Amino acid sequence: EQLTSHFHREPLTVEVYCRDQDRSERKDELFGLVHLQLDRVLKVEKQRCSSNVNGILGWRQTWTQILPVIGANTE
Numbered sequence: 054e055q056l057t058s059h060f061h062r063e064p065l066t067v068e069v070y071c072r073d074q075d076r077s078e079r080k081d082e083l084f085g086l087v088h089l090q091l092d093r094v095l096k097v098e099k100q101r102c103s104s105n106v107n108g109i110l111g112w113r114q115t116w117t118q119i120l121p122v123i124g125a126n127t128e
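For the sequence shown, the working numbering assigns the number 54 to the initial residue and increments by one for each residue that follows.
Take a look at the structure:
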């Protein structure tokens, strides 16, 4: 409960980068930011899963939502 409350108050900020395939240097450029509410992920039912590499069993929680990307600061 405390972790869920924290994730609701403090969203995860993810930087989204874009790589220009036409340029010779192919430098990654910051495209924008996305803010994710992780408390929603914790509310999703857990699914049992195993690793393809070493066969270790674990749990997975997935959540899908389309989120807006906030433009990068161009200053």
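C-beta: ideal position from N, C-alpha, C; glycine also. Nothing here was measured: the structure is a model prediction, and the numbers come from that model.
Between the CA atoms of residue j and residue i - distance to the nearest angstrom
i, j, result
"W116", "I109", "22 Å"
"D81", "S103", "33 Å"
"W112", "N105", "14 Å"
"L65", "C71", "20 Å"
"D73", "G85", "15 Å"
"L56", "E98", "16 Å"
"Q114", "V94", "6 Å"
"K96", "S58", "11 Å"
Cross-strand partners of residue i (DSSP beta bridge)
i, result
"T66", "H88"
"E82", "C71"
Buried or exposed by the 16-neighbour rule on C-beta atoms within 10 Å, applied to residue i
i, result
"N107", "exposed"
Segment limits, beta strand (DSSP E) that includes residue i
i, result
"S103", "100-103"
"W112", "110-113"
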